[in-house]
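One structure is given here, and the rest of the page talks about it.
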Amino acid sequence: MKITLRVMRQAGPDSEPRLVAYELVGISEDMSFLEMLDVLNEELTERGEDPVAFDSDCREGICGMCGIVINGQAHGPERTTTCQLHMRSFKDGDTITLEPWRASAFPVIKDLVVDRSSFDRIIQAGGYISVNTGAAPDAHATPVPKADADRAFEAAACIGCGACVAACPNASSMLFTAAKVTHLGLLPQGQPEREARVVSMLQQQDAEGFGGCTNIGECAAVCPKEIPLDVISTLNADLGKALVRNK
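Going by full-length UniProt numbering, the sequence shown opens with residue 1, and the numbers climb by one from there.
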């Protein structure tokens, strides 16, 4: 395959971004998208040019660090993580534009790498379970209804990649925050501070500069782990209860 890459290059957080075109030939359709970027960087290094900075770790679709906006779509044309995207999803002669996640709460570090530590601070705002739980209970000592267990597991699948923020016109992180709130709120150990948790996490979300949710649904449409949109309804229900009880 022969492809043209248009990559958003940015030397640092305060530098001006610019689109730079690169041509690659001999790309196999069996390559992963990140392997293709490795080929590009090998060529740039051989020419004495600065390689394109991009983030990745597991390359198995479980950590989400690889997130890139590809031709205007978070993670690209397939509903998967960027590292699990393969070049067979593109055609010979294609032009592919690569950009980082664009959100004020995700400042660019360099090129395609952004700082997503705002997600960590939202999780930290949820706090720990502070009540004395005593000794560890025996396995299955506390029954959890299967519907609740399944829903909690579904929400817990969120890997915090940030595709929801990148896809949302408002750069909202509501799907991410709602997934964390829903996961904890459905389990027995999440009950003691359920109401305080949702309030604290939403306050931190706002403090980080994420936009508000207007129920557009782009977040769920691009989520590689298929977190359902209605976890936001669960968050809103928990928030409503917390506000009513703490007037």
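All residues carry an ideal CB built from backbone N, CA and C; glycine is no exception. A quick note: this is a predicted structure, and the numbers were derived from the prediction, not measured.
Separation of Asn-215 and Ile-227 (C-alpha to C-alpha, rounded to the nearest whole angstrom) is 14 Å. At the C-beta level, Val-199 and Leu-235 stay beyond 8 Å of one another. Here Arg-245 carries a helix assignment [DSSP, helix/strand/coil]. Boundaries of the alpha helix (DSSP H) harbouring Thr-45: 33-46, taken from the DSSP string. Straight across, the Cα-Cα distance linking Leu-187 with Arg-79 is about 29 Å.
Taking all protein chains in view, the Cβ of Arg-47 is surrounded by fewer than 16 other Cβ atoms within 10 Å, so the residue is classified as exposed. Distance from the CA atom of Gly-162 to the CA atom of Val-25, rounded to whole angstroms, is 31 Å.
Per DSSP, reduced to three states, the secondary structure at Arg-18 is strand.
Taking Asp-55 as reference, the option from Phe-106, Val-113 and Phe-153 with the minimal CA-CA separation is Val-113. In the DSSP assignment, Met-174 falls outside any beta strand (DSSP E) and lies within the alpha helix (DSSP H) extending over 174-185.
By the Cβ-count criterion, Arg-116 is buried, with 16 or more other Cβ atoms from all chains shown falling within 10 Å of its own Cβ. Counted as a single uninterrupted DSSP element, the beta strand (DSSP E) harbouring Ile-109 occupies residues 108-110.
Straight-line spacing of the CA atoms in Asp-14 and Ile-122 works out to 25 Å.
Separation of Ile-70 and Leu-34 (C-alpha to C-alpha, rounded to the nearest whole angstrom) is 12 Å. When the Cα atoms are used, Asp-230 and Thr-182 turn out to be separated by approximately 10 Å.
When the five nearest sequence neighbours on each side are left out, the beta carbons in the same chain lying within less than 7 Å of the beta carbon of Asp-92 are those of Met-1 and Lys-2, in order along the chain.
For Glu-99, the enclosing beta strand (DSSP E) has its first and last residue at 95-99. Taking Arg-18 as the centre and dropping the five residues before and after it, the same chain places the C-beta of Arg-9 closer than 6 Å to its C-beta, in chain order. In the displayed model, Thr-82 falls within a helix according to three-state DSSP. Bounds of the alpha helix (DSSP H) holding Leu-202 are 194-207. Under the criterion of beta carbons closer than 8 Å, Leu-98 and Val-7 qualify as touching, at roughly 5 Å. In this structure Thr-95 is exposed. Its beta-carbon is surrounded by fewer than 16 other beta-carbon atoms within 10 angstroms. Taking a 10 Å sphere around the C-beta of Arg-245, we find fewer than 16 other C-beta atoms and assign the residue as exposed. Burial of Ser-172 is indicated by the presence of at least 16 other C-beta atoms within 10 angstroms of its C-beta. DSSP links Ala-74 through a beta bridge to Val-69.
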